[in-house]
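Number of protein chains: 2
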Amino acid sequence: MADLAATLSQADKNLDNSLERLSDLIRIKSISTDPAFSDDCRKAAGWLVGTLEDIGFEAGVRETTGHPMVVAHQAGREGAPHVLFYGHYDVQPVDPLDLWTKDPFSPGVEELTPGRKVITGRGAADDKGQLMTFVEACRAYKETNGTLPLTVTILFEGEEESGSPSLKPFLEANADELKADLAMVCDTGMWDADTPAISVSLRGLTGEEVTIKAANRDLHSGHYGGNAANPIHILTSILGDIHDADGRVTIPNFYDGVHETPDNIKSMWEELGPPKDFLEDIGLSVPSGEKGRTILERCWARPTAEVNGISGGYTGDGFKTVIPAEASAKVSFRLVGDQDPHAIRRNFRAFVEERLPADCSAEFSQHGTSGAIQLPYDAPELADAQKALEDEWEKPAVIIGIGGSIPIVGDFRSMLGMNSLLVGFGLDDDRVHSPNEKYDLRSFHKGIRSWIRIMDALAAGQ
Amino acid sequence: MADLAATLSQADKNLDNSLERLSDLIRIKSISTDPAFSDDCRKAAGWLVGTLEDIGFEAGVRETTGHPMVVAHQAGREGAPHVLFYGHYDVQPVDPLDLWTKDPFSPGVEELTPGRKVITGRGAADDKGQLMTFVEACRAYKETNGTLPLTVTILFEGEEESGSPSLKPFLEANADELKADLAMVCDTGMWDADTPAISVSLRGLTGEEVTIKAANRDLHSGHYGGNAANPIHILTSILGDIHDADGRVTIPNFYDGVHETPDNIKSMWEELGPPKDFLEDIGLSVPSGEKGRTILERCWARPTAEVNGISGGYTGDGFKTVIPAEASAKVSFRLVGDQDPHAIRRNFRAFVEERLPADCSAEFSQHGTSGAIQLPYDAPELADAQKALEDEWEKPAVIIGIGGSIPIVGDFRSMLGMNSLLVGFGLDDDRVHSPNEKYDLRSFHKGIRSWIRIMDALAAGQ
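In the order they appear, the protein sequences are chains W and S. The numbering of the first sequence is the working numbering, which starts it at 84 and goes up by one. The numbering of the second sequence is the working numbering, which starts it at 84 and goes up by one.
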């Protein structure tokens with residue numbers, strides 16, 4: 084049986100060295116999008132392999148057509164659950180460099196406000212600091228107990244900031260090796276500086292482009308106006324019909340597979356309220372959308388239909404009295420629960436087709452299809468992780484969702500059949516992707532401790 | 084009292100010389116849009132002054148900042164009505180020259196089909212041939228009777244094919260001189276080769292651009308979708324609301340000033356039916372628009388609301404899941420009867436404003452404002468002209484409308500307070516603005532005779 088208190092104490096003792104190791108990693112300029120830094124990316128991968136080997140992982144640099152992956156394995160106690168931990172070692176470019184107050188690749192610790200220390204440098208938060216919380220948790224666990232509580236596979240990617248072109252082929256080619264009972268990802272944030280959060284859902288997406296066609300050419304509205312079908316009218320009329328007065332989507336069967344959020348989760352979200360200045364920051368004051376739902380529920384647990392682009396007729400300066408031959412729109416649906424992205428596409432197309440008047444046709448093209456991700460609210464791993472985080476932060480962990488999609492999480496689900504537990508310690512003011520990126524020392528330290536507790540809880544809860 | 088039969092006979096005798104004079108005018112390369120032909124434009128104006136003086140007009144070349152106008156006056160019999168005749172001496176460019184089977188400026192007469200002779204050359208129909216029908220009518224009338232039946236002012240413009248930039252300033256500066264009881268314009272066509280037509284109405288126009296604004300910047304639809312107002316939705320919903328299920332415009336008071344077309348005119352239009360292949364030519368088979376109206380009524384006597392352009396969000400290749408900060412549309416209203424184009428603009432703006440949800444705003448900009456033109460269906464001049472045309476063509480003249488606008492006719496109405504009688508002898512196959520333009524010799528000959536009869540009838544009907 085592992086000694087949790089001793090493991091946490093070991094992590095505390097290690098902290099200065101943990102920080103030194105993180106600093107070593109930040110010093111490597113692993114900017115994935117710029118070919119000038121290819122060697123640095125490879126260097127970062129190699130550094131990670133060495134670090135993982137140092138704590139007992141069987142680790143290797145694995146080639147792709149782009150920057151290499153790092154894959155590492157270490158068996159846990161007999162019969163322990165198997166987790167796949169994902170992170171990325173590549174970072175965003177640093178321009179504009181003159182806005183940095185310190186060299187982005189010379190990390191240091193500074194006091195942001197009295198008592199609040201932060202680690203500075205590119206990648207401090209995204210994602211080097213975050214992935215190192217898990218690595219250092221493994222180190223303390225191993226040093227204290229001799230064995231990890233879980234069988235751990237680690238996958239570190241070097242192309243997350245440049246579109247992950249190698250990821251799907253790599254998952255496909257190494258599915259058997261990478262498949263685990265659960266994926267864990269450390270690339271998200273806390274709810275606020277004191278409140279840990281677990282992201283359990285990500286919305287899926289169906290993207291469609293529709294073009295309505297009528298006459299065989301653009302027409303003069305004086306000669307034909309009043310008699311010739313105007314594709315802009317047809318398009319606006321159809322799109323104007325997609326929402327009812329309550330903000331619900333009117334496409335038949337659209338809500339098939341949408342489940343009501345459990346009351347306890349809804350209550351939690353009601354208490355949380357929307358993020359500070361969520362609407363005010365974008366110049367709005369009143370939420371639009373589906374009636375009778377909170378902002379958080381709408382963002383995390385309700386599907387949407389949004390027109391992302393529309394065009395037709397004359398759109399330049401001045402005026403042209405034209406009835407265009409066609410008009411088109413790009414429409415996307417954010418999906419939740421068990422909504423079938425293919426069914427949504429079919430139903431949308433039927434919705435349009437049914438509304439076409441005589442002589443008019445619609446052409447469709449497909450842009451993006453991904454199902455929603457949902458770790459069941461009653462999953463035992465979730466309860467375990469929640470308890471572990473509450474023990475560490477002395478405040479209940481909140482269960483949240485993500486309004487957009489994270490491709491890797493979808494790929495884990497669709498290609499490897501795994502759910503993901505998304506726990507991260509980033510804060511809203513981390514300035515990821517911007518100059519003067521930082522990671523709170525507290526996030527790093529308590530992040531390490533959190534992973535120790537989570538691993539321990541998952542092993543015990545098995 | 085004038086001798087109508089003798090006047091018509093004189094026109095017949097003159098025909099060869101009339102044709103020679105028209106050919107002289109066609110030979111002058113008066114392409115107004117190309118500065119290389121400025122001298123030719125001036126030459127055409129001078130030629131017209133000489134020709135008009137030759138038949139007793141007091142005529143002059145009148146300077147503008149562009150090509151000159153020709154203005155001529157001749158008093159008719161004591162107390163005769165006063166008409167202003169308008170035409171234009173400038174022509175379209177001739178490119179692509181290699182598609183012409185003959186030199187565009189070397190006019191000739193050729194037999195198109197057995198018995199059907201046409202005058203070829205640029206401007207043969209538009210508008211040199213047409214304006215010369217009136218000039219030659221005056222000549223025959225003067226030669227036979229010594230006096231014109233009407234007091235005639237002539238205005239020939241040299242910039243009609245290049246946007247008429249000098250016309251409004253010239254009308255304004257010479258309003259007293261140009262104002263008459265009625266304007267007559269010869270720049271339109273027959274219904275078909277055997278059926279003369281009088282155009283009595285032109286639709287007006289109110290052009291508006293509306294931009295709907297919501298958030299202060301473009302938003303990610305994952306993060307904000309479901310909560311942030313989407314200006315494309317608001318715009319499409321408002322525009323989708325502008326027509327009801329019967330194709331009527333729903334803007335309050337939109338139909339104020341729209342008068343029902345008299346039954347006899349409606350019956351005439353029903354008998355005419357739509358122009359041959361009106362919809363088929365543009366790839367359509369079913370007319371859209373207001374229910375319970377014929378195609379011709381919709382085009383000539385009913386107002387419309389058309390969206391001529393729409394844009395918002397991402398419209399490039401591929402897909403971007405953006406909720407845009409704004410979306411905009413260009414909307415035009417074709418107006419009839421006594422609809423007030425300014426009231427239409429105000430009512431449209433109110434219609435939009437009323438439908439704006441919280442946090443959203445609309446910005447408007449104005450594009451074009453012109454009232455409809457309508458010569459009353461019971462105007463005595465109309466009955467006179469109809470009778471005159473029927474006598475000449477041995478077929479009743481049809482009363483038609485024009486779906487678009489002709490700026491000069493609107494300017495005569497708004498600046499000089501005159502109605503216009505639009506009678507022309509062009510045919511659908513005249514290839515105006517295209518290579519191998521022609522004017523039927525029959526149009527020219529019977530056109531001259533038609534104006535003799537119309538002038539005579541207007542003088543008698545006074």
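For glycine and all other residues, C-beta sits at the position ideal for the given N, C-alpha and C.
* For a contact meaning CB atoms closer than 8 Å, what does F120 of chain W contact in chain S? -> Taking the first sequence and counting its residues from 1, one reaches residue 120 of chain W at position 37. Chain S residues near F120 of chain W: none, gap ~27 Å exceeds 8 Å.
* Quick one: what does DSSP say S533 of chain W is sitting in, helix, strand or coil? -> On the first sequence, position 450 is the one that residue 533 of chain W refers to. Helix at S533 of chain W.
* Examine chain W for any beta-carbon lying closer than 7 Å to the beta-carbon of A298 of chain S, and answer yes or no. => Taking the second sequence and counting its residues from 1, one reaches residue 298 of chain S at position 215. At least one chain W Cβ lies under 7 Å of A298 of chain S.
* Unbroken beta strand (DSSP E) run spanning S284 of chain S, endpoints -> The residue you call residue 284 of chain S lines up with position 201 of the second sequence. Per DSSP, S284 of chain S belongs to the beta strand (DSSP E) from 280 to 285.
* Which bits of chain W does P370 of chain S rub up against, with CB to CB less than 7 Å? -> Numbered from 1 along the second sequence, position 287 holds the residue referred to as residue 370 of chain S. By Cβ distance, chain W contributes N310.
* Asked: Any contact of the region 309 to 317 of chain S with the region 415 to 433 of chain S, i.e. 3+ C-beta pairs under 8 Å?
  -> The region 309 to 317 of chain S, when compared against the region 415 to 433 of chain S, does not touch it at the 8 Å Cβ threshold.
* Is any beta-carbon of chain W found at less than 7 Å from that of T452 of chain S? -> Along the second sequence, read from residue 1 onward, the residue named residue 452 of chain S stands at position 369. For T452 of chain S, no Cβ of chain W is located within less than 7 Å of the residue's own Cβ.
* Per DSSP, Y169 of chain W is paired with what? -> Taking the first residue of the first sequence as 1, we reach residue 169 of chain W at position 86. For Y169 of chain W, DSSP records a beta bridge to W:L238, W:V268.
* **N- and C-terminal bounds of the alpha helix (DSSP H) containing A128 of chain S** => On the second sequence, residue 128 of chain S is found 45 positions in, with the first residue counted as 1. Unbroken alpha helix (DSSP H) run through A128 of chain S: 121 to 137.
* T227 of chain S lies in the alpha helix (DSSP H); which residues open and close that run? -> Here residue 227 of chain S refers to the residue found at position 144 of the second sequence. Going by DSSP, T227 of chain S is part of the alpha helix (DSSP H) stretching over 211 to 228.
* Leaving out five residues before and five after V283 of chain S in sequence, what residues of the same chain have Cβ atoms less than 6 Å from its Cβ? -> Counted from its first residue, the second sequence places residue 283 of chain S at position 200. For V283 of chain S, the CB contacts under 6 Å within the same chain, skipping 5 residues up- and downstream, are L458, I482 in chain order.
* **chain S contacts made by the region 400 to 417 of chain W, where a contact means CB separation under 9 Å** => Correct list: G401, F402, K403, T404, V405, I406, P407, A408, A410, S411, A412, K413, S415, R417.
* Identify each residue in the region 200 to 214 of chain S for which the Cβ-Cβ distance to at least one residue of chain W is less than 7 Å, and report them in chain order. => Near chain W, meaning a CB-to-CB distance below 7 Å, no residue of the region 200 to 214 of chain S qualifies.
* **Bridge-paired residues (DSSP) for R199 of chain W** => For the purposes of this step, residue 199 of chain W is taken as the residue at position 116 of the first sequence. DSSP output for R199 of chain W lists W:T196 as bridge partner(s).
* To do: Please go through the same chain and pick out, in chain order, the residues whose beta-carbon is closer than 7 Å to the beta-carbon of P232 of chain S, but skip the five residues on each side of it.
  => In the second sequence, residue 232 of chain S corresponds to position 149, counting from 1. A85, G159, R160, A163, Y224, M538, D539, A542.
* Asked: Buried or exposed: P190 of chain W, going by 16 or more other Cβ atoms within 10 Å of its Cβ?
  -> Locating residue 190 of chain W in the first sequence gives position 107, where the first residue counts as 1. By the 10 Å Cβ count, P190 of chain W comes out buried.
* Asked: From the DSSP output, which residues share a beta bridge with S444 of chain S?
  -> What you label residue 444 of chain S is simply residue 361 of the second sequence in a count that begins at 1. Answer is S:K296.
* To do: Compute the beta-carbon to beta-carbon distance between G308 of chain W and G486 of chain S, rounded to the nearest angstrom, for a pair I have assumed lies under 8 Å.
  => Working through the first sequence from its first residue, we reach residue 308 of chain W at position 225. Working through the second sequence from its first residue, we reach residue 486 of chain S at position 403. About 6 Å; that satisfies the 8 Å criterion.
* With a Cβ-Cβ cutoff of 7 Å, do H165 of chain W and A256 of chain W count as a contact? -> Taking the first sequence and counting its residues from 1, the one referred to as residue 165 of chain W is at position 82. Taking the first sequence and counting its residues from 1, the one referred to as residue 256 of chain W is at position 173. No.
* Asked: Are there three or more Cβ pairs, one per stretch, closer than 8 Å when the region 174 to 182 of chain W is compared with the region 108 to 117 of chain W?
  -> Here the region 174 to 182 of chain W lies against the region 108 to 117 of chain W, with 3 or more beta-carbon pairs under 8 Å apart.
* Proximal residues to D339 of chain W (C-beta, below 6 Å), its chain only, five neighbours per side dropped -> Residue 339 of chain W sits at position 256 when you count from the first residue of the first sequence. Cβ neighbours of D339 of chain W beyond the five flanking positions: none.
* Asked: Using a Cβ-Cβ cut-off of 7 Å (strictly less than) and excluding sequence neighbours within five positions of M351 of chain S, which residues of its own chain qualify?
  -> By 1-based counting over the second sequence, the position of residue 351 of chain S is 268. Closer than 7 Å at the Cβ level, and outside the excluded window around M351 of chain S, lie V481, I482.
* Asked: How would you list, in chain order, the residues of chain S whose beta-carbon sits under 8 Å from the beta-carbon of E194 of chain W?
  -> Counting from 1 along the first sequence, the entry for residue 194 of chain W is found at position 111. The premise fails here: E194 of chain W is roughly 31 Å from chain S at the closest Cβ pair, so nothing lies under 8 Å.
* Out of S:I237, S:V218, S:T216, S:E103, point me to the one whose CA is closest to A142 of chain S's CA. => Position 59 of the second sequence, counted from the start, is the residue given in the question as residue 142 of chain S. The shortest Cα separation from A142 of chain S among S:I237, S:V218, S:T216, S:E103 belongs to S:I237.
* To do: Specify the secondary structure class of E244 of chain W as computed by DSSP and reduced to three states.
  => Your numbering for residue 244 of chain W matches position 161 in the first sequence. If DSSP states are grouped into helix, strand and coil, E244 of chain W belongs with the helices.
* To do: Would you mind working out which of S:G212, S:I378, S:A471 sits nearest K349 of chain S, comparing C-alpha positions?
  => In the second sequence, the residue the question calls residue 349 of chain S occupies position 266. With distances taken between Cα atoms, K349 of chain S lies closest to S:I378.
* Using a Cβ-Cβ cut-off of less than 8 Å, give me the residues of the region 155 to 189 of chain S that come near chain W, in sequence order. => If the cut-off is 8 Å between Cβ atoms, the region 155 to 189 of chain S has nothing near chain W.
* DSSP beta-bridge partners of L302 of chain W -> Counted from its first residue, the first sequence places residue 302 of chain W at position 219. Beta-bridge pairing links L302 of chain W to W:I406.
* To do: Answer with yes or no whether the minimum CB distance from G306 of chain S to chain W is below 7 Å.
  => The sequence position of residue 306 of chain S within the second sequence is 223, counting from 1. The question names Gly, yet the displayed sequence has His at residue 306 of chain S. At least one chain W Cβ lies under 7 Å of H306 of chain S.
* Asked: Which residue spans inside the region 317 to 381 of chain S form an unbroken beta strand (DSSP E) run of at least 3?
  -> If we require 3 residues or more, the region 317 to 381 of chain S turns out to have no beta strand (DSSP E) run fully inside it.
* To do: Within 10 angstroms of the Cβ of L214 of chain S, are there 16 or more other Cβ atoms? Answer buried if so, exposed if not.
  => Taking the second sequence and counting its residues from 1, one reaches residue 214 of chain S at position 131. Per the 10 Å Cβ criterion, buried.
* For I138 of chain W, which of W:W383, W:A94, W:C221, W:D467 has the nearest alpha-carbon? -> As a first step, residue 138 of chain W must be located in the first sequence, where it is residue number 55. Comparing Cα positions, the closest option is W:C221.
* Bounding residues of the alpha helix (DSSP H) (the contiguous stretch that carries E436 of chain W) -> Numbered from 1 along the first sequence, position 353 holds the residue referred to as residue 436 of chain W. 424 to 437 is the span of the alpha helix (DSSP H), which, as asked, contains E436 of chain W.
* To do: Rounded to whole angstroms, what's the CA-CA distance from F75 of chain S to N430 of chain S? Just pull it up for me.
  => The question about residue 75 of chain S has no answer here: the residues shown for chain S are numbered 84 through 545.
* Asked: Which of the residues in the region 319 to 343 of chain W, read from start to end, lie with their CB under 9 Å from any CB of chain S?
  -> Taking 9 Å as the Cβ-Cβ cut-off, the region 319 to 343 of chain W approaches chain S at T319, S320, I321, L322, G323, D324, I325, H326, G330, given in chain order.
* Assigned secondary structure, R145 of chain W (DSSP; H/G/I helix, E/B strand, else coil) -> Taking the first residue of the first sequence as position 1, residue 145 of chain W is located at position 62. R145 of chain W falls in the strand class under three-state DSSP.
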